[in-house]
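K.L.:
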Amino acid sequence: MATQAASPEQFTYRTSPTVTEAFENWLKDHAPDLPKHTDPWDVSRADIYAEDRWQPIFAEMRAKAPVNQVRDTPYGTYWNVTTVKTIQHVESLPELFSSSWDRGGITIGDPPADVSPERLEERRLPMFIAMDRPEHTGQRRTVAPAFTPGEIEKMAEEVRMRTAAVLDSLPIGQQFDWVDKVSIELTTGMLAILFGFPWEDRRLLTFWSDWAGGTELAFAKELHDTRWEIFNEMAQYFKTLWVDRMSKPPQRDLISMMIHSDAMNQMSPQEFMGNLILLIVGGNDTTRNTMSGIIHALDQFPDQRDLFEKDPSVIPNGVQECIRYQTPLAHMRRTATADCELFGNQVKAGDKLALWYISGNRDEEVFPDADKLILTRENARRHVAFGYGIHRCVGARLAELQLKVLMEEMHKRRMRVHVTGKVERVRANFVHGFRTLETTIEKF
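Here the sequence shown is numbered in the numbering used here, starting from 25 and rising by one per residue.
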């Protein structure tokens with residue numbers, strides 16, 4: 025990294041348009057230009073998640089062909105991997121099924137075909153989740169100490185204090201957007217603490233996370249430059265924090281950990297940007313969308329809300345069940361490094377595989393009544409929402425802590441949250457969550 029940079033105050037960082045606003049404005053003029061999804065099992069289409077009608081498509085696949093190939097989709101030809109058994113098998117063979125960014129990375133999209141090789145190289149964003157061993161091992165090991173049980177325990181009091189303050193600020197009997205007032209506020213605040221990020225600018229983290237997670241932007245060529253400019257603004261901001269921390273003793277924040285790590289202190293600008301995006305999206309979207317998913321699911325299943333209200337001892341297991349039920353990231357991609365057989369299917373070197381976590385967590389053979397929220401589900405911890413194997417989410421314990429504290433503090437305040445207005449889901453095949461969730465609180 026460079027060793028000189030100005031302070032964040034010397035730059036202007038845009039906060040609009042949001043990625044949703046930008047894409048919707050683009051769609052007004054370009055909707056007819058969008059590529060068509062014609063295969064009924066092409067679950068890369070964003071509309072089935074926005075309209076919450078993906079469940080029967082995956083159920084049919086799990087019953088008829090848990091591993092199957094769809095051809096000539098807008099994202100090219102790829103394999104659907106849809107059950108717990110098949111997903112975990114692929115994840116347990118990281119040498120055979122690569123996560124590496126130079127083989128395609130972790131999302132279903134590929135680099136645009138009409139962009140020059142020079143531009144593609146400039147805009148590649150390596151990150152440790154999109155690396156294979158040994159590079160993955162060293163970089164993951166750098167940030168892992170921030171998420172040990174001991175560190176999580178140190179953060180617990182602050183998480184509880186901040187959660188309590190946010191819940192105490194909510195109106196009783198008046199409609200508000202739970203996503204904005206609770207889910208975003210809590211997760212963005214947690215990210216700011218992890219990075220040692222200036223508190224007054226914390227909403228920038230949400231803005232950057234949303235632009236990073238928008239896989240559908242691949243089709244909006246006119247927005248590619250805007251997205252890259254926003255990433256560069258993010259990198260410039262973090263560069264100033266990096267330079268500031270270089271002159272200070274090692275601290276507990278993630279930037280300081282990177283600086284004082286042999287595996288990460290010589291990162292290229294693109295690699296620095298890529299790892300920032302990974303940590304921001306990983307720490308923001310997953311927890312944020314489950315915090316909203318908990319509220320929506322309890323409203324959908326009043327018997328489970330009644331159980332939660334009567335017996336708070338169900339909360340720890342209930343957190344796992346809510347993560348399973350919501351599945352905040354719908355898929356991860358892998359690329360085959362050699363020809364192989366996969367559950368009776370002949371996979372060729374270079375083939376793309378989409379591991380549909382959202383389907384694995386509805387696998388009827390593992391989770392009976394999988395489409396129901398059951399807070400006492402005995403094997404809820406078997407969910408694959410955090411992945412499996414060497415790439416399992418490094419921040420899983422922190423996400424679980426935040427969700428557990430949220431449910432405990434809601435119960436302590438006897439908060440019953442009803443969905444009373446607009447419900448808008450994320451239109452994407454990667455991030456699975458809510459843009460808007462209008463709710464009203466009453467006491468139980």
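Using N, Cα and C, we set each Cβ at its ideal position, and we do this for glycine too. Only a predicted model underlies this, so the values are computations on that prediction, with no experimental measurement involved.
Considering only the beta carbon of each residue, do leucine 241 and arginine 226 sit closer than 7 Å?
P.N.:
no
K.L.:
I'd like to check one pair, alanine 378 with isoleucine 132: are the Cβ atoms closer than 7 Å?
P.N.:
yes
K.L.:
What three-state label does DSSP hand lysine 428 in the structure shown?
P.N.:
helix
K.L.:
When you compare only the Cα positions, how much space is there between arginine 438 and arginine 38?
P.N.:
39 Å
K.L.:
Do serine 316 and serine 207 have their C-beta atoms within less than 7 Å of each other?
P.N.:
yes
K.L.:
Are the CB atoms of phenylalanine 255 and methionine 297 nearer to each other than 7 Å?
P.N.:
yes
K.L.:
If you count every other CB in all the chains shown that lies within 10 Å of the CB of leucine 144, and 16 or more means buried, which is it?
P.N.:
Any answer about leucine 144 is weak, because its pLDDT of 49 lies below 50 and its placement is not dependable; what the coordinates show is given next. With fewer than 16 other Cβ atoms within 10 Å, it is exposed.
K.L.:
Taking all protein chains shown into account, decide if serine 123 is buried (16 or more other Cβ within 10 angstroms of its Cβ) or exposed.
P.N.:
By the neighbour-count rule (16 or more Cβ atoms within 10 Å), serine 123 is buried.
K.L.:
Can you check which of these residues, Lys205, Thr211, Ser68 and Gly162, is closest to histidine 415 by C-alpha distance?
P.N.:
Gly162
K.L.:
Quick check on the DSSP output: the alpha helix (DSSP H) that includes tryptophan 266 runs from which residue to which?
P.N.:
248–270
K.L.:
Between which two residues does the alpha helix (DSSP H) holding cysteine 346 run?
P.N.:
339–350
K.L.:
Checking 7 Å against the spacing of the C-beta atoms, do threonine 314 and proline 340 come in under that value?
P.N.:
The answer is no: Cβ separation not under 7 Å.
K.L.:
From the DSSP output, in three-state form, read off tryptophan 380 for me.
P.N.:
strand
K.L.:
According to DSSP, simplified to helix, strand and coil, what is glutamate 365?
P.N.:
Here glutamate 365 sits in strand by DSSP.
K.L.:
Of all the beta strand (DSSP E) runs that stay within the bounds of the stretch 39–97, which reach a length of 3 or more residues?
P.N.:
91–97
K.L.:
When we look at the beta-carbon of asparagine 299 and count the other beta-carbons within 10 Å, is it buried (16 or more) or exposed?
P.N.:
buried
K.L.:
Three or more C-beta pairs closer than 8 Å, one from the stretch 419–431 and one from the stretch 183–191: is that the case here?
P.N.:
yes
K.L.:
Is the separation between the beta-carbon of glutamate 175 and that of valine 190 shorter than 7 Å?
P.N.:
Their beta carbons are not under 7 Å apart, which means glutamate 175 does not touch valine 190 by this criterion.
K.L.:
Quickly, what does DSSP pair methionine 356 with across the bridge? List them, please.
P.N.:
Leu379
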